[in-house]
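Report on one structure; see the data block that follows.
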Amino acid sequence: MLGAAALLVLLGIVEIRSAVADNASLADSAQRQATFAAIGLVILMAATVIDYHFWRGLSRLLFVGIILLLLYVELIGTESFGATRWIQVGGITIQPSEVAKISLIIILADDIARNEDRLQTWSGILRTLILAAIPAVVILREPDLSTAILTMVLWAAMAFAAGMPPRFIFIMGGAALLLPFIALALNLLQPYQLDRLALFFMPDADPSGAYNIEQSKIAIGSGGWIGQGYGLSTQVQLRFLKVRHTDFIFSVMSSEYGLIGMTAFFGLLGFLVSRCLRAARLARDTYGALIGYGVATLIFYQAAFNIGMNLNLLPVAGLPLPFISSGGSSLWSVLLGIGLVESTILYRKDIEF
Amino acid sequence: MRTPSFSENRVQPSRIRFFLIGMTGVFAIFTLRLFFMQVIQGDYYYGLAESNRTKQTYVPASRGVVYDRRGVLLARNMPAYNITITPADLPDTEAEIEAVYRQLSQLTGVPIRVPGSVPSQECAPGRGIADLVDEWIELAPYYAVKIQCDADAEIAKVVLEKSADMPGVGVEVSPVRDYPNGRYTAHIVGYMGRVPAEYSDYFKEKGYNLDRDKIGYSGIEAYMEEELAGTYGSELWEVDAAGKEIRLLEPPVPAVPGKNIRLTIDARLQEAATIILEKQIEATRALKPEYLRSPMLGGVVVAMNPNTGEILAMVSVPTYDNQKFSRYIPIEYYTELATDISNPLLNHAIAGTYPPGSIFKLVTAVGALNEGVVTPDTPVICRGTISITQKFHPSDPGREMLFYCYDREGHGEISFLRGLALSCDIYFYNLGAGYSGPGGVKKGLEIEGIKQYARAVGYDRALGIELFGERSGLIPDKDWKRINQGENWATGDTYIATIGQGYVDVTPLQVAESIAVIASNGKVMKPTLIKEYLDGEGNVVEIHEPEMLYDITDDIHDELYDTVTVQPWVLKMVQQGMRLAVTEGTAADYAQIENIPTAGKTSTAEYCDDIAQSRNLCKREAWPTHAWYGAYGPYENPEIVVVAFVYDGGEGAVTAGPVVRDVLRAYFALKTIDLEQGG
């Protein structure tokens, strides 16, 4: 698992290097990502070594902490692309919602493991739901719809793992599907969110917004069976593809490595997720298992959403491709997740604790 | 009870398996989608990626210029500065945009807004800067709209210098055609315009940029389009997303400039002929009572070298100023020309057809002598009139019909030379159609013979001059009349065809050609305007050799009739007759020039066209007449043929004679000047 994670991180750095494509303002992206990866590795090691039960005691504190952090961001954070998502900590920008994601896994794992039995009734379910919904609402107000949805998905997946009957999932999923229409009716979505949705359903409506999607399709399509080769994709190197080092890095890879390369990439990603799930199966308690399940969800959901967006199967949403996309916070959060999962494996046998 | 849940993993493996299966499913969908995009649609997307990154740029070729035979520029390229504004590049705020408008308006004098103006062509005056911007921001915001075309070079320079402070404003340099000789050579040089929609596919395929390139619409500009245009060079660039050119993907193909063309025209003679003709037309007009002044008084002068077919001057009056068309075609001026009844846009020398009248007797003369209808000495009696039987078929009893000579007194006993010199109609009726009365020629040349010899000297066909729109005219025959008039050929038809009336219809160029054939002892040269092709440095790259279509003294085969072989003595006799016309015949009083012996033939051709009819001019036996005169000189060693035609000009000798005389004078005077300068 560690090997797969390291491979993916390395791939990410390499791809970012290619995706920079002579853009001066991005020139040091690969180097920064390498630094982030090094720090991330330390985080991973630390998380591995620390018994995951240690976090359990802190979960309430953690919960209060992230809510405060998210509120703080909303008040004074750096605005970018119309959303306040970043804060500056000693020269590094941190995305508190990333911290929230991973913290929420610990908090929910603790809470759900504790209250497993209640998951059979509406009242019990709603009680844990509130735990996830509070940060989700705050994140939604940033506004960051896709991360808010992710927190709800994390909750649903972990509750499902803990034995919540599927009918609840269907009912709530159905209700969630209605939400956009309610939001639309109440005029709650931000204009750019509306634009993105509109763009997905009616790609011809806005040619300038459709540009990114069109170019990513061209980039992917031009990869063919074996790709154009590393650093040789014209779509990337001549900068036709935009936001190529973050949201559309999957298109960069598809263009460079082709169908065969990407199938291998799916295999690697799938392997990593399946190792998390294996850890979930092997964990010595439900708490540990839920961490594994939660981290697997975190990685897979983000990856699937990002890839789906690249393949124009899903609307454009600002979810990064885990391990690969440029950005410290998201890298650290998944590496921390891997560390936690490693920890459940490491402390699996130590039953007499 | 709680403790076990702490120490036990109660997550069901089935729910973990569910995740795994779900994930496998999702990745399978992704793989399928990738397969679809990368393999099945791969070529399509690869093509899109290639067209993204490649840009074919075209390097325009400079258009060839046109010289006269001595190197005077008749068509050249001049830089034109167009001041442009790109709506999309204008500043963001209204106030800043207004500031740009104000500054630009101050510099160029183009108003900011013209209330009530309507969209028209870009360069046409009358639109404000803001009007044009508002109009184009919808159509093509990134297109540089021309707000002032052909701006003063100084203004353009200032605008360019200040364009840094005026975002969106630019100066575009484009070559425009310039015609220094304007109206004098308009019909020969022609003018250019945008590629019309119906030809857009054809020219697009030839590599024309339809937005920018113009094509020749008329004259040499049109006929020599391919030679003048040259070919675009091309460069295949790799470009980045911003459109910046990164590198050349293929060795560039350099542009091939168009050929420069040297015409056979002498601009000086052309100008002189135009002025001479215009003056004569004015004088003729002035003599007429108001109600008789045809609205379409116009005329033609054609001067050619009989030995080579080179056209030295070709004037069609009224003319137009092609310089006014050099940048764009102004609708008002064009409409004015197009609706003028005398059709100034048409080159009447090649595209106007008229009855030739007596000048056509040259054909009858050649045919009759060559076929032995008469010998030069055969006497014919002219009593001023003959009576013939008008028959529509051989067994038709017919009815009597009178034909007159222009001289009702009659010329008495007359033979070939005097017949031609005095242009005796009765003499030529005899030659062409025969006359069974006393002193007549029993059997004439008949319409078949007339047509045969007319074709031999260049009538009834387009001669192939390098201009579009050359007409073939008409020499009638029996089949033609049956088909087109629904009537049998009548005896009288032959009589009037003999003297170039009736159905006979010719272009002034054909008349010049027929005289050139006689003057050159039978050589039928293809009339040409092209002398040679030159490269950019003025070196001759290709000489356009004179082309002889055939020689009528050789066996020539006509596709419609039998072989014609004209005996050289026949041509000599006709030449003598024409000489006699100048020395003591019809042209004697009007067309002689000092020191140079010339030979010629006058013609006063009756006509009754739509214009004459509409003005009720076609009165019985008093039809209006066109004036013709054609001559060559020097008589012994001809080097120039000049034909003048004046529409509704009255007497040929009186009106057209002096025009030819003065053009010949001008020609020989210029020749003297050139010889002096050369020596």
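Protein chains in written order, with the numbering used here: chain A, 11 to 363; chain B, 1156 to 1834.
Glycine is no exception: its CB is placed at the ideal position from the N, C-alpha and C atoms.
The structure presented is a predicted model; accordingly, all values stated were derived computationally and were not measured.
Check	Outcome
Under 8 Å by Cβ, that's how I've got D1289 (chain B) and P1510 (chain B) pegged, so tell me the actual separation to the nearest angstrom.	Their Cβ separation, rounded to whole angstroms, is 58 Å, which puts D1289 (chain B) and P1510 (chain B) out of contact at 8 Å.
Below 8 Å between beta carbons: does that hold for G1464 (chain B) and K1681 (chain B)?	yes
Going straight from the alpha carbon of T1827 (chain B) to that of Y1790 (chain B), what length do you get?	18 Å
Indicate whether G1732 (chain B) and L1575 (chain B) have their beta-carbon atoms separated by less than 8 Å.	yes
Please list the partners that T1241 (chain B) has in chain A, where partner means a Cβ-to-Cβ separation under 8 Å.	Here the premise fails: no neighbours, minimum Cβ distance about 18 Å.
Looking at the structure shown, is E1791 (chain B) part of a helix, part of a strand, or coil, going by DSSP?	coil
In chain A, what lies closer than 9 Å to T1248 (chain B) by C-beta?	Within chain A, no residue comes near T1248 (chain B); the closest Cβ sits about 21 Å away, beyond 9 Å.
Mark H1548 (chain B) as exposed unless 16 or more other C-beta atoms lie within 10 angstroms of its C-beta, in which case mark it buried.	exposed
Which two residues bound the contiguous alpha helix (DSSP H) that contains P1168 (chain B)?	1168-1189
Would you list the residues sitting across from R70 (chain A) in a DSSP beta bridge?	Paired residue(s): none; R70 (chain A) is not in a bridge.
I need the DSSP call for Q1607 (chain B), collapsed to helix, strand or coil.	helix
Does any residue of chain A bring its CB to less than 8 Å from the CB of P1147 (chain B)?	Beyond the ends of chain B as shown, which are 1156 and 1834, falls residue 1147 (chain B); an answer cannot be given.
Report the neighbours of I1620 (chain B) on chain A: residues whose CB is nearer than 9 Å to its CB, in chain order.	Neighbours of I1620 (chain B) on chain A: none; closest Cβ ~54 Å, over 9 Å.
What did DSSP end up calling V1528 (chain B) once you bin it into helix, strand or coil?	coil
Between S69 (chain A) and chain B, is there a C-beta pair that is closer than 8 Å?	no
Could you have a look at V1596 (chain B) and say whether DSSP puts it in helix, strand or coil?	coil
Within 10 angstroms of the Cβ of P1274 (chain B), are there 16 or more other Cβ atoms? Answer buried if so, exposed if not.	exposed
Apart from the five residues on each side of it in sequence, which residues of its chain come closer than 6 Å, Cβ to Cβ, to V163 (chain A)?	Y311
Alpha carbon to alpha carbon, how far is R1482 (chain B) from I1630 (chain B)? Give it in angstroms, no decimals.	42 Å
Report the rounded CA-to-CA distance for Q1832 (chain B) versus F1800 (chain B), giving the unit in angstroms.	33 Å
Using a Cβ-Cβ cut-off of less than 9 Å, give me the residues of the stretch 1194-1207 of chain B that come near chain A, in sequence order.	V1194, Q1196, G1197, D1198, Y1199, Y1200, Y1201, G1202, L1203, A1204, E1205, N1207
So which residues on chain A does L1175 (chain B) lean against when the C-beta distance must stay under 7 Å?	S284, L287
Any idea if K111 (chain A) is buried or exposed, counting beta-carbon neighbours within 10 angstroms, 16 or more meaning buried?	buried
If I measure Cβ to Cβ from S1169 (chain B) and keep anything under 8 Å in the same chain, skipping five residues before and after, which residues do I get?	none
Between the stretch 1312-1331 of chain B and the stretch 1222-1229 of chain B, are three or more C-beta pairs nearer than 8 Å?	no
For Y1705 (chain B), name the three-state secondary structure that DSSP assigns.	strand
Let me know if K1598 (chain B) comes out buried or exposed under the rule of 16 or more other beta-carbons within 10 Å of its beta-carbon.	exposed
Report buried or exposed for W132 (chain A), applying the criterion of at least 16 other Cβ atoms within 10 angstroms of its Cβ.	exposed
Taking three-plus beta-carbon pairs below 8 Å as touching, is the stretch 260-268 of chain A in contact with the stretch 298-310 of chain A?	no
Listing by chain order, which chain B residues have their CB less than 8 Å from the CB of W235 (chain A)?	Q1193, V1194, G1197
Measure how close the beta-carbons of V1521 (chain B) and V1596 (chain B) come, nearest whole angstrom, since I'm counting them as under 8 Å.	That belief does not hold up - the Cβ atoms of V1521 (chain B) and V1596 (chain B) are roughly 16 Å apart, past 8 Å.
Quickly, what does DSSP pair H1781 (chain B) with across the bridge? List them, please.	B:A1760
I'd like the ranges of any beta strand (DSSP E) spanning at least 3 consecutive residues and lying wholly in the stretch 1429-1493 of chain B.	1454-1459, 1466-1472
Could you check whether the Cβ of E126 (chain A) sits closer than 8 Å to any Cβ belonging to chain B?	yes
Please state whether DSSP places A215 (chain A) in a helix, a strand or coil.	Residue confidence for A215 (chain A) is low, a pLDDT of 48 falling below 50, so the modelled location carries little weight; the figure read from the coordinates is stated next. In the structure shown, A215 (chain A) sits in coil (DSSP, three-state: anything other than H, G, I, E or B).
Please classify G92 (chain A) as buried or exposed, where buried requires at least 16 neighbouring CB atoms within 10 angstroms.	Confidence at G92 (chain A) is low in this model, with a pLDDT of 48, below 50, so its placement is unreliable and the value that follows should be read with caution. G92 (chain A) should be labelled exposed.
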